[in-house]
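Taking it in order: structure first as structure tokens, then the write-up.
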Amino acid sequence: QQSIATTMAFVRLLKDLLRDKEIGKRFVLIAPDEYRTFGMDSFFPSAKIYNPLGQQYESVDRDLLLAYKEAPNGQMLHDGISEAGCTASLIAAGSAYATHGEPLI
70 QQSIATTMAF VRLLKDLLRD KEIGKRFVLI APDEYRTFGM DSFFPSAKIY
120 NPLGQQYESV DRDLLLAYKE APNGQMLHDG ISEAGCTASL IAAGSAYATH
170 GEPLI
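According to the numbering used here, the sequence shown holds residues 70 to 174 in order.
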């Protein structure tokens with residue numbers, strides 16, 4: 070029995086939810102800061118960061134196992150240090166069902 074940080078437990082829960090075959094694709098992760106700060110870099114290989122044009126450059130960490138990856142089908146939104154931008158992303162994700170018929174979590 071080992072104690073873990075709340076953030077680590079939350080990241081593990083999110084990882085399990087993202088793997089769920091029925092609802093996993095419905096999750097949109099929104100971060101106002103660098104994902105690595107919260108230990109969420111383990112999502113990079115599978116969930117990827119959303120960029121409609123895909124990755125247009127070679128990331129400086131490209132040789133690492135958990136390298137920064139962008140893709141048109143990414144589930145992670147990286148708004149930089151912009152709480153207002155994250156709020157706008159949250160509103161867009163929350164209203165996706167009304168706008169596009171796609172419920173997102």
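Just so you know, even glycine gets a beta-carbon here, dropped at the ideal spot from N, CA and C.
Model, not experiment: these values are computed from the prediction.
- In the three-state reduction of the DSSP assignment, E127 falls in the coil class, being assigned neither a helical nor a strand state.
- Here L159 carries a helix assignment [DSSP, helix/strand/coil].
- Between the segment 122-133 and the segment 162-172 there are fewer than three C-beta pairs closer than 8 Å, too few to call the two in contact.
- By the neighbour-count criterion, in which 16 or more other beta carbons inside 10 Å mark a residue as buried, G149 falls on the exposed side.
- The beta carbons of L133 and I99 sit no closer together than 8 Å.
- In the DSSP assignment, M145 forms a beta bridge with L98, I118.
- Cβ-Cβ distances below 6 Å link A140 to K117, G123 in the same chain, with the five nearest sequence neighbours on each side left out; the list follows chain order.
- Inclusion of L135 and S158 in the CB contact set at 8 Å is not warranted, their separation being larger than that value.
- Straight-line spacing of the CA atoms in T168 and V97 works out to 16 Å.
- Partner residues in a beta bridge of E91, as assigned by DSSP, do not exist.
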